[in-house]
Amino acid sequence: MYTSTQNVSISQSMPIVLLILLIVVLFWGAANTYIEFDNRQARMRKMFMGFIPTKNIPFAQLHGIDVVSGITTGSYNYSLFRKNSRYGKGIVVSSAYTKNDDPNAIAFVEEAVPIIHGYLEKYDSPADFVTEPITSYKYFELKGSVYAVKSNKIGALITGIILIGIGIWLFTIPADSLIAILFCIGLLFLFGLVFINAAFTQFLFDPQNGTVKRTGLFSFLHKEYSFVNYAGIQTIRHTVNLIYVRTSVNLIFVLPEKNNKEVPLTVASLFREKSIDRFIKEFYSIMNTTANNNIK
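Residue numbers (the numbering used here): 143 to 438.
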C-alpha cells in the first residue's frame, strides 16, 4: 500500500475555506434572527443576524398568527399572515414543535399570541371586515334545504379501485417473503378503502336545524355537531420537506359533554389561496343563513 501527501496552496484552498465560513455565518445568522413587534411605531420587523432588517411591515397590513404543520416531519410552527394573503406562505414567528402539549407551544399561544393580536387589532379598519355578498356557490351545492360540500368523487373512487386492484394482482406474483407481500397488499387495501370512503363521504350543512354532519360508508366515522358549539374556523397549511402541498380547513367545536374539549372537523383540503378564501366566504354565508333561521 502506498500513501502520498499533497501540499495545497492557500489560494487553492481559499474557495473551500470561504464556503465553510459562509455556511457557518448563515447558521449563526439564522440562530440570531428574531422578529420584533414595535407597538410604538406599529411595525413588525424581521432582523436577520439580529441587525439586518429583511421584513418591515406596518401592523395595518397584518392579519394574525396561525398554525402551519409539516406532514413528513410531524412538526408544526406558527406563522404570521398578511391581510391580503391570509392563506399564503406567511412569516414563521415561532420554533418548530412536535407535541400538541409542548409547554413552549402552549406558552406561545396563551401568552405571546394574544398580546400580538391585541397590537394588530388596534390598526384594523372597517374595510378589513367588508364581505362580498355570495350569490352563487362554487364549493357547496344545495340539496333540498341542506348544503353539501362538493367533492371529486369519481377521482377518489377510481384511485381506490386501482389500489385495491393492484393489491389483488400482487396475490398472483411469486414472492420470496410472504410477510412482506402481505404487508404491501394490506397497505394497498387500506389506502384503497380510505379513498373509496372519501368518495362517499359528505359534509352536510343544515341551516334550518343548525347542524353539520359528516357521513360516509362506515357509520363509525359519522359525526354530527351543532353550530351552537361552533367556536371558529382554523386553516392549517401543510408542507412536505418545506414544499407547500395543501391547506386544510377545519371547523372547531367546543363540546360541553367532553369537558369543553375542542374538536376539529376537517371539511375541505385546498391548494390555491384564492380557493381557500372563496370556500371560507361561502361557509360564512351559510352560517349567516343559519343565524337568520335561528332568529326567526
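Every residue, glycine too, gets a C-beta built ideally from N, C-alpha and C.
As the structure is a prediction and not an experimental result, all values here were calculated from the model.
8 angstroms contact criterion, which residue i and residue j should meet: CB distance rounded
i, j, result
"Val-179", "Ile-258", "In the sequence on display, residue 179 carries Phe and not Val. So it is a contact: roughly 6 angstroms between Cβ atoms."
"Leu-204", "Leu-262", "5 angstroms"
"Thr-273", "Lys-416", "The pair is not a contact, with the Cβ atoms about 15 angstroms apart (cut-off 8 angstroms)."
"Thr-175", "Met-191", "7 angstroms"
"Gly-297", "Leu-330", "In fact, because the Cβ distance is near 18 angstroms, the residues do not count as touching under 8 angstroms."
"Thr-377", "Val-391", "6 angstroms"
"Leu-397", "Lys-403", "6 angstroms"
Beta-carbon proximity list for residue i, same chain, < 6 angstroms, skipping 5 on both sides
i, result
"Leu-384", "none"
"Arg-379", "Val-210 and Thr-389"
"Phe-425", "none"
"Val-255", "Ile-207"
"Gly-358", "Asn-339, Phe-342 and Thr-343"
"Leu-320", "none"
"Tyr-289", "Phe-282, Phe-347 and Ile-428"
"Ile-199", "Met-186"
"His-364", "Thr-357"
"Ala-322", "none"
Nearest-angstrom Cα separation, counted from residue j out to residue i
i, j, result
"Gly-374", "Leu-393", "6 angstroms"
"Asp-266", "Lys-231", "21 angstroms"
"Gln-344", "Arg-420", "19 angstroms"
"Val-405", "Glu-366", "12 angstroms"
"Ser-155", "Val-166", "17 angstroms"
"Arg-440", "Phe-342", "Because the chain in this structure spans residues 143 to 438, residue 440 falls outside the shown range and cannot be described."
"Ile-418", "Tyr-229", "7 angstroms"
"Ser-278", "Leu-324", "49 angstroms"
"Ile-428", "Phe-193", "48 angstroms"
"Asp-318", "Arg-224", "56 angstroms"
"Ala-173", "Lys-400", "41 angstroms"
"Ala-184", "Pro-245", "29 angstroms"
"Glu-252", "Val-336", "36 angstroms"
"Phe-362", "Leu-161", "57 angstroms"
"Lys-264", "Lys-241", "32 angstroms"
"Asn-181", "Leu-168", "29 angstroms"
"Trp-170", "Lys-280", "48 angstroms"
"Asp-270", "Asp-243", "33 angstroms"
"Leu-164", "Pro-157", "10 angstroms"
"Phe-86", "Ile-177", "Given a span of 143 to 438 for the chain in the structure shown, any question on residue 86 remains unanswerable."
"Gly-212", "Leu-332", "23 angstroms"
"Gly-260", "Val-387", "31 angstroms"
"Gln-250", "Tyr-239", "Residue identity check: residue 250 is Phe in the sequence provided, not Gln. Each residue's Cα considered, the two are about 11 angstroms apart."
"Pro-268", "Val-159", "56 angstroms"
"Ser-153", "Arg-414", "50 angstroms"
Same chain, Cβ closer than 7 angstroms to residue i, neighbours up to 5 away in sequence not counted
i, result
"Ile-437", "In this predicted model, Ile-437 has a pLDDT of only 48, less than 50, meaning its place in the structure is not dependable enough to derive any value."
"Leu-360", "The residue you asked about is not Leu; residue 360 is Phe in the sequence shown. Within the same chain, Phe-360 has close Cβ partners Asn-339."
Contact under 8 angstroms by Cβ, residue i with residue j
i, j, result
"Ser-237", "Asn-219", "yes"
"Ile-327", "Leu-312", "yes"
"Val-235", "Ser-217", "no"
"Phe-282", "Lys-292", "yes"
"Phe-395", "Asn-371", "yes"
"Leu-315", "Gly-334", "Strictly speaking, residue 315 in this sequence is Ile, with Leu absent from that position. It is not a contact, given that the beta carbons lie outside the stated cut-off."
"Lys-197", "Ile-233", "yes"
Close beta carbons around residue i, own chain, < 8 angstroms, minus the five adjacent residues each side
i, result
"Pro-195", "Arg-187, Lys-188 and Met-189"
"Ile-354", "The sequence given here places Val at residue 354; Ile does not occur at that position. Result list for Val-354: Phe-345, Leu-346, Phe-347, Asp-348, Glu-366, Tyr-367, Phe-369, Leu-393, Leu-407 and Val-409, in chain order."
"Ile-276", "Lys-423, Glu-424 and Ser-427"
"Ser-287", "Asp-348, Pro-349 and Gln-350"
CB contact check: residue i to chain D, cutoff 8 angstroms
i, result
"Ser-221", "No chain D is part of this structure, which consists of one protein chain only."
Kindly provide the ranges of any beta strand (DSSP E) runs that are 3 or more residues long and lie completely inside the region 163 to 240, ordered along the chain. 176 to 180, 185 to 190, 194 to 200, 204 to 212 and 218 to 224
Entirely enclosed alpha helix (DSSP H) segments - the region 306 to 343, minimum 4 residues: 320 to 342
Which runs of the beta strand (DSSP E) fall wholly inside the region 353 to 385 and span at least 3 residues, in chain order? 353 to 357, 365 to 368 and 372 to 382
Fully enclosed by the region 234 to 297, which beta strand (DSSP E) runs are 3 residues long or longer? 282 to 285 and 288 to 291
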